[in-house]
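Presented below is the structure to which this report refers.
2 protein chains.
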Amino acid sequence: MNKAGTKGVARAERERQIIGIAIEELGERGHARASVVDIARRAGISKPLIYGYFGSKDGLYLACLSHVGDLLVEAVDAARARSGSPDHALDTLAALFDAVGTCRYAWSVLYDPTLPPAGAIHDAATRYRARLADIGAAGSTDLLRRAGHHDPLDHALLNHIWQYAVTAVMRWWTDHPEQSPADMTARCARVLSALTPN
Amino acid sequence: MNKAGTKGVARAERERQIIGIAIEELGERGHARASVVDIARRAGISKPLIYGYFGSKDGLYLACLSHVGDLLVEAVDAARARSGSPDHALDTLAALFDAVGTCRYAWSVLYDPTLPPAGAIHDAATRYRARLADIGAAGSTDLLRRAGHHDPLDHALLNHIWQYAVTAVMRWWTDHPEQSPADMTARCARVLSALTPN
DNA sequence: TCCGTATGACCGATGAGTAATTTACCTGTA
DNA sequence: TACAGGTAAATTACTCATCGGTCATACGGA
Chain H
1 MNKAGTKGVA RAERERQIIG IAIEELGERG HARASVVDIA RRAGISKPLI
51 YGYFGSKDGL YLACLSHVGD LLVEAVDAAR ARSGSPDHAL DTLAALFDAV
101 GTCRYAWSVL YDPTLPPAGA IHDAATRYRA RLADIGAAGS TDLLRRAGHH
151 DPLDHALLNH IWQYAVTAVM RWWTDHPEQS PADMTARCAR VLSALTPN
Chain R
1001 MNKAGTKGVA RAERERQIIG IAIEELGERG HARASVVDIA RRAGISKPLI
1051 YGYFGSKDGL YLACLSHVGD LLVEAVDAAR ARSGSPDHAL DTLAALFDAV
1101 GTCRYAWSVL YDPTLPPAGA IHDAATRYRA RLADIGAAGS TDLLRRAGHH
1151 DPLDHALLNH IWQYAVTAVM RWWTDHPEQS PADMTARCAR VLSALTPN
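Line by line, the protein sequences give chains H and R. So the first sequence is numbered by my numbering: it starts at 1 and just counts up by one. So the second sequence is numbered by my numbering: it starts at 1001 and just counts up by one.
What follows is the structure in structure tokens.
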């Protein structure tokens, strides 16, 4: 009557499956409200298996973070390398939409606002965010310099706003899932054109 | 040896004090991570007193929500009435900075991202946010119409971005507390001037 | 003596993390 | 080929801490 015993699923594959489901659960509920049992239940396995593979809830979160962090950094980095055009913001967004199209909750996990305010997770997330911010920084610095403003705090603020604006777009997208990545890109092009002087 | 018994603090005054401290605690940690015992400890009282006055954690949160919600709605509403100028965004921000200057965590409480996704708190917060959004909607609609875009979803998206942008500014401010409200207004004026076509 | 202010000590639920155990597969050997 | 036994996959059933919420009770002033 005991259901224990291998189900023929190798560790690597099981880990991938767990990470996939955990990203959805953590992205949707946030670190604070998500529970390991729920993730296990959704994966059709039991909690100790997750602890056996990832050690702790934070370990699992870190694994998810690496996944989505690498995905997003690569996407944005590739977009920067590809485009020499000055309309950098839109290219970045387009790349992000394509990347997130394959992993709906990627952005929510990296920018989870319910993360504990200190510790390994916080540090890792901060590092990934900083890498994204650095790539985006060139654009906002440009914008301010062209308007004749050079206060470094202004630049920091605009950068911060940019991160939140992208988060806003991503959240809006999860509330309108019928929109394709191309739809989103077109929409953002219109919004940006209404904002940016040209 | 029992410390029970009145300390000469009337209910109304005590409630104000508790709400003030709760706004800080809830704004800083968020609904999900804040605990009633901690709020009580910070207020120098015991947990049952809070339950006696507010009934539940959610009741306490609702009281805080009314406080900050009224504060913010009044501020933004007054700013709209006052200014006939087209530079509506900056006026709104200035009013917000002044209001939040007296209640640092007001915005964080209303826009707490750790709120449960359903229930009385969610509903109340959504109502207050909608009132703020409605007032701000005129501005963003204007912006898009002037650029020749009329898709209602575009308007919804820009509105959403605006809310998040303000949240970004408010969070940035809590990370730079030495800035005065006037500093913040000036800074945002520079950033807006770099963004908006004129 | 009543009523409003206030508390310490408890209850129950939830959720992170662990121990002990069971099952299935693979592999070397007679 | 059959079997012993090691190892990886998986579970059930716990512990422990935290936190929302309640109860009975203690003070102190009109």
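Just so you know, even glycine gets a beta-carbon here, dropped at the ideal spot from N, CA and C.
- Under the Cβ criterion (8 Å, minimum of three pairs), the segment 1118 to 1129 of chain R does not count as touching the segment 1076 to 1084 of chain R.
- Secondary structure of R:Cys1103 (DSSP, three-state): coil.
- Counting only runs of 4+ residues, the alpha helix (DSSP H) found wholly inside the segment 1021 to 1057 of chain R occupies 1036 to 1043 and 1047 to 1054, in chain order.
- Excluding sequence positions up to five before and after R:Gly1030, its CB lies within less than 6 Å of the CB of Asp1112 and Thr1114, all in the same chain and listed in chain order.
- Bounds of the alpha helix (DSSP H) holding H:His160 are Pro152 to Asp175.
- For R:Tyr1164, the chain H residues whose C-beta falls within less than 7 Å of its own C-beta are Tyr164, Ala165, Thr167 and Ala168, listed in chain order.
- When C-alpha distances from R:Thr1167 are compared across H:Thr102, H:Thr6 and H:His160, the shortest belongs to H:His160.
- In the structure shown, R:Thr1196 falls within a coil segment according to DSSP collapsed to helix, strand and coil.
- Contact with chain R is found for H:Gly30, since one of that chain's Cβ atoms lies less than 8 Å from the residue's Cβ.
- About 6 Å separates the beta carbon of H:Ser140 from that of H:Trp162, a gap short enough to meet the 8 Å contact definition.
- R:Ala1147 and R:Gln1179 have their C-alpha atoms some 34 Å from each other.
- Residues of the segment 106 to 117 of chain H with a C-beta atom less than 7 Å from some C-beta of chain R are Pro113 and Thr114, listed in chain order.
- R:Tyr1164 is a Cβ neighbour of H:Ala165, given a cutoff of 8 Å.
- Rounded to the nearest angstrom, the gap between the Cα atoms of R:Ala1138 and R:Ala1194 is 21 Å.
- Secondary structure of R:Ala1130 (DSSP, three-state): helix.
- Contact between H:Ala99 and H:Ala75 holds, with the beta-carbon distance rounding to 4 Å and staying under 8 Å.
- For H:Asp154, a Cβ of chain R is located within less than 8 Å of the residue's own Cβ.
- Taking all protein chains in view, the Cβ of R:His1150 is surrounded by fewer than 16 other Cβ atoms within 10 Å, so the residue is classified as exposed.
- Secondary structure of H:Glu178 (DSSP, three-state): coil.
- Listed along the chain, the chain R residues whose CB falls inside 9 Å of the CB of H:Leu90 amount to none; the nearest CB is some 14 Å away.
- With a cutoff of 8 Å on beta-carbon distance, R:Gly1059 and R:Pro1181 are scored as not near each other.
- Here R:Gly1136 carries a helix assignment [DSSP, helix/strand/coil].
- Under the Cβ distance rule, H:His160 counts among the residues neighbouring chain R, one pair being separated by less than 8 Å.
- Under the Cβ criterion of 8 Å, R:Val1036 is not counted among the residues facing chain H.
- Looking at the backbone, the Cα of R:Tyr1061 and that of R:Tyr1051 are separated by about 12 Å.
- With respect to chain H, the C-beta atom of R:Ala1120 has no partner C-beta closer than 8 Å.
- Taking a beta-carbon distance threshold of 8 Å, R:Ala1147 counts as an interface residue toward chain H.
- The beta carbon of H:Val37 is closer than 6 Å to those of Lys47 in its chain, skipping five residues each way along the sequence.
- Between H:Trp107 and H:Met170, the gap from beta carbon to beta carbon is short of 8 Å.
- Closest in C-alpha terms to H:Ala4, from the list H:Arg42, H:Ile21, H:Leu49 and H:Ile19, comes H:Leu49.
- For H:Arg187, the chain R residues whose Cβ falls inside 9 Å of its Cβ are Asp1151, Leu1153, Asp1154 and Leu1157, in order along the chain.
- Straight through space, the alpha carbons of R:Leu1096 and R:Arg1016 are spaced by roughly 22 Å.
- Secondary structure at R:Tyr1111: coil, using DSSP grouped into helix, strand and coil.
- Closer than 8 Å to the CB of R:Arg1016 there is not a single CB belonging to chain H.
- Within chain R, no C-beta atom comes nearer than 8 Å to that of H:Val76; the closest sits roughly 19 Å away.
- For H:Pro152 and R:Arg1187, the gap between their C-alpha atoms comes out near 11 Å.
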